[in-house]
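Right, one structure below, let's go through it.
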Amino acid sequence: MMAQTLERPSADDVWSWLADVPDPEIPVISVVDLGIVRNVAWRGETLVVTITPTYSGCPATAVISFEIEEALRRRGIKDLKLETVLSPAWTTDWITDEGREKLRDYGIAPPQGASCAGAMKPAGPVACPRCGSTETEEISRFGSTPCKASWRCKTCREPFDYFKSF
Amino acid sequence: MTISDENVREFCLRMGDNALILGQQVSAWCGHAPALEEDIALANTALDLIGQTKMWLDLAAELDGEAKDADALAFLRDARAFRNCLLVEQPNGDFGQTLMRQFLFDAWHQPMLAGLAGSTHQRIAEIAEKSEKEARYHLERSTDLVIRLGDGSEESRARMQSALDALWPFAGELLEADDLDGALAEAGVAPDLGSIAETYGQYTNRVFDEATLTKPEGAPSRKGGKTGMHSEGLGYILADMQWMQRAYPGAEW
Numbered sequence: 001m002m003a004q005t006l007e008r009p010s011a012d013d014v015w016s017w018l019a020d021v022p023d024p025e026i027p028v029i030s031v032v033d034l035g036i037v038r039n040v041a042w043r044g045e046t047l048v049v050t051i052t053p054t055y056s057g058c059p060a061t062a063v064i065s066f067e068i069e070e071a072l073r074r075r076g077i078k079d080l081k082l083e084t085v086l087s088p089a090w091t092t093d094w095i096t097d098e099g100r101e102k103l104r105d106y107g108i109a110p111p112q113g114a115s116c117a118g119a120m121k122p123a124g125p126v127a128c129p130r131c132g133s134t135e136t137e138e139i140s141r142f143g144s145t146p147c148k149a150s151w152r153c154k155t156c157r158e159p160f161d162y163f164k165s166f
Numbered sequence: 167m168t169i170s171d172e173n174v175r176e177f178c179l180r181m182g183d184n185a186l187i188l189g190q191q192v193s194a195w196c197g198h199a200p201a202l203e204e205d206i207a208l209a210n211t212a213l214d215l216i217g218q219t220k221m222w223l224d225l226a227a228e229l230d231g232e233a234k235d236a237d238a239l240a241f242l243r244d245a246r247a248f249r250n251c252l253l254v255e256q257p258n259g260d261f262g263q264t265l266m267r268q269f270l271f272d273a274w275h276q277p278m279l280a281g282l283a284g285s286t287h288q289r290i291a292e293i294a295e296k297s298e299k300e301a302r303y304h305l306e307r308s309t310d311l312v313i314r315l316g317d318g319s320e321e322s323r324a325r326m327q328s329a330l331d332a333l334w335p336f337a338g339e340l341l342e343a344d345d346l347d348g349a350l351a352e353a354g355v356a357p358d359l360g361s362i363a364e365t366y367g368q369y370t371n372r373v374f375d376e377a378t379l380t381k382p383e384g385a386p387s388r389k390g391g392k393t394g395m396h397s398e399g400l401g402y403i404l405a406d407m408q409w410m411q412r413a414y415p416g417a418e419w
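Line order of the protein sequences matches chains L and U. For the first sequence, the working numbering begins at 1 and goes up steadily by one. For the second sequence, the working numbering begins at 167 and goes up steadily by one.
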C-alpha cells in the first residue's frame, strides 16, 4: 500500500509539471498560466487531466493536448486520460497574474479588465507593452491567433498584439 | 410533443450546418480580402465557425444510430441532407455582400446562442455558452463595418445597399419557427424564435439607421434550407468542400 502511494505522484506534482508545458502559439506562457488546465485528479489508477479549449476553433487545442500527454508520459505516467470540458467557458480572467506579466515582457499587451462585463472592447486603455504609453489604438479586431487583436502605439509608433479580454 | 434524440439531432444539424457552410464560404477569402487586417479577421471568424461546427456535429453524430462522427457528417452527406438556412449558402459576391451576409447572420446567431445557453438540454447549453462569446465578437465587428461602409463613401454605400436588397429576403428563414422549433421552445430546449425575431428587428433597424441603409419593403421571404430544400449554390460549395474525402475516403494529413 505504501509503495503504491509513493509511486503515484500527487496532484500538486502534476500541476507543477504542467506549469512547464508551454503554450504552442505563445511559448512564453504555460498551459497553466493560460488557465486551460481545469483539474488534475486520480480516478483509481488513472490520472485524469481536465482541460478546456480557449476558442472553439483554435488550431493549438490539439497540439496542447498532445504536449500535455507527452510531458506526463515523460514523467512516467502510464495510465492517463485527458478530458475536455466546455462549461464554464474559458475566459481570459483565468490567465494568472504571472502569465500576464510574461505576456507583457514578450510584447503582448495582456487582457484588460474582467471579461464578464459583457462588452468585448477593452474596459480601460490598453498600454503599449514596449513603452507603456496608453496612447494606443486598435488596428483590427483580430490578430495573428484567434485570441489576439492588432493594435498600434501612437507614442513609440510600434504595432503590437493585444490579448483580447474574452 | 416530447423531445426525442432525433429532434435534438435535427436541431444540432441546423446549428452545425449553418456554422459549417458559412465558415467554409468565409474561409475562401483567406488571402483575397481587401486589406490584410480584414483578411485576418475573416479567417479568424471562419475558424471560430468551423470550431463551433465540430461541437454541434459531434453531438449530432452521437445521437445518430449509425454512429458517424462530425467529419462524416460534414464530408459525406449530400445537399438534401444539409439543414443550413439559405442565407449562408448565398455567394460571397464582393466584400460588401460577404459582410452583409455575416451581419444578417450574426444578428440572429448571438441572441440565439445566448438563449440556448439557458437550454434545459445540458450539452446544448454548454456548446452555446462557449459559442456565444465568439458570436458576440463577430457581431461587434460586422456591426462596426456595416455602419462604416453604409455611412461611408457613395461607392461603399451603394454596394452595402445592394447587398442588403439581395440578402434581406433570406433573413426571415432564421426567425420563422416551424414545428420542430415550436416543440423545442415549449420544452425549454431552445428559445422562442418570436422573441429572437423581436430582438433581431430592433437591433438591425438601429444599425441600418446609423448606416443610412434601408431594408427593402415587401420582399418575399425565401426559405427551405431547414428542411433540405437548397438553392443551386450549395451543390457547388459541397463539391469544393467534399471532393477530397469523396475521392480519397479516409484521407488524413
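Note that CB positions come from ideal geometry on N, CA and C, so glycine has one too.
Can you look up residue 153/L in the DSSP assignment and give me helix, strand or coil?
strand
Reference residue 265/U, options 339/U, 244/U and 322/U, closest by Cα
322/U
Would you mind listing the alpha helix (DSSP H) stretches within the region 62–98 of chain L that are 4+ residues and don't spill past its ends, in chain order?
none
Residue-chain proximity (residue 299/U, chain L), Cβ-Cβ < 8 angstroms:
yes
Can you list, in chain order, the residues of the region 212–230 of chain U whose Cβ is nearer than 9 angstroms to any Cβ on chain L?
212, 213, 214, 215, 216, 217, 218, 219, 220 and 221
Residues of the region 52–73 of chain L in Cβ contact with chain U at a cutoff of 8 angstroms, in chain order, please.
53, 55, 56, 57, 58 and 59
Looking only at its own chain, which residues have a Cβ that is under 6 angstroms from the Cβ of residue 117/L, when we skip the five neighbours before and after it?
Confidence is the limiting factor: at residue 117/L the pLDDT is only 48, short of 50, which leaves the residue's position unreliable, though a coordinate-based value still follows. Excluding sequence neighbours, residue 117/L sits near nothing in its chain.
How many angstroms separate the CA atom of residue 115/L from the CA atom of residue 177/U?
30 angstroms
Taking the alpha carbon of residue 77/L as the point to measure from, which residue in 145/L, 138/L, 17/L and 26/L has its own alpha carbon closest?
17/L
Per DSSP, what kind of secondary structure is residue 180/U in: helix, strand or coil?
helix
Would you report the Cα separation of residue 158/L and residue 391/U, rounded to the nearest angstrom?
48 angstroms
Per-residue burial, residue 355/U [other beta carbons within 10 Å of its own, 16 or more giving buried]
buried
Under the three-state DSSP convention, the category residue 314/U falls into:
helix
So what does DSSP say about residue 414/U, is it helix, strand or coil?
coil
Which listed residue (94/L, 126/L, 66/L and 82/L) has its alpha carbon closest to that of residue 154/L
126/L
Same chain, Cβ closer than 6 angstroms to residue 220/U, neighbours up to 5 away in sequence not counted:
236
Selection from 88/L, 25/L, 39/L and 135/L that minimises the alpha carbon distance to residue 295/U
88/L
Tell me whether the beta-carbon of residue 21/L lies closer than 8 angstroms to the beta-carbon of residue 31/L.
yes
Contacting residues, own chain, Cβ-Cβ under 6 angstroms from residue 92/L (five flanking each side not counted):
111, 115, 165 and 166
Examine the Cβ distances between the region 410–418 of chain U and the region 262–282 of chain U and report whether three or more of them are shorter than 8 angstroms.
no
Rounded to a whole number of angstroms, what is the C-alpha to C-alpha distance between residue 102/L and residue 29/L?
6 angstroms
Would you be able to state if there are at least three C-beta pairs under 8 angstroms between the region 326–344 of chain U and the region 286–295 of chain U?
no
Less than 8 angstroms between C-beta atoms, sequence neighbours within five positions excluded: which residues of the same chain meet that for residue 144/U?
Outside the shown range of chain U, which is 167 to 419, sits residue 144/U, and nothing can be said about it.
For residue 22/L, which residues does DSSP report across the bridge?
30/L
Within 10 Å of its beta-carbon, does residue 66/L have 16 or more other beta-carbons around it, so buried, or fewer, so exposed?
exposed
Could you tell me whether the Cβ of residue 180/U comes closer than 8 angstroms to any Cβ of chain L?
no
Any beta carbon of chain L sitting closer than 8 angstroms to that of residue 184/U?
no
Classification of residue 222/U by the beta-carbon crowding that lies within 10 angstroms, buried from 16 upward:
buried
Mind pulling the chain L residues with CB within less than 8 angstroms of residue 352/U?
Residues of chain L passing the Cβ test: none, with the nearest at roughly 24 angstroms.
Measure how close the beta-carbons of residue 52/L and residue 86/L come, nearest whole angstrom, since I'm counting them as under 8 angstroms.
7 angstroms
Just to confirm before moving on: does the CB-CB distance between residue 171/U and residue 229/U stay below 8 angstroms?
yes
Could you check whether residue 163/L and residue 128/L sit closer than 8 angstroms to each other, using their CB atoms as the reference points?
no
With DSSP run on the structure shown, which of helix, strand or coil describes residue 169/U?
coil
In this structure, how does DSSP classify residue 250/U when only helix, strand and coil are distinguished?
coil
Taking the continuous alpha helix (DSSP H) assigned at residue 373/U, which residues delimit it?
359–376
Mapping DSSP to helix, strand and coil, what is residue 296/U?
helix
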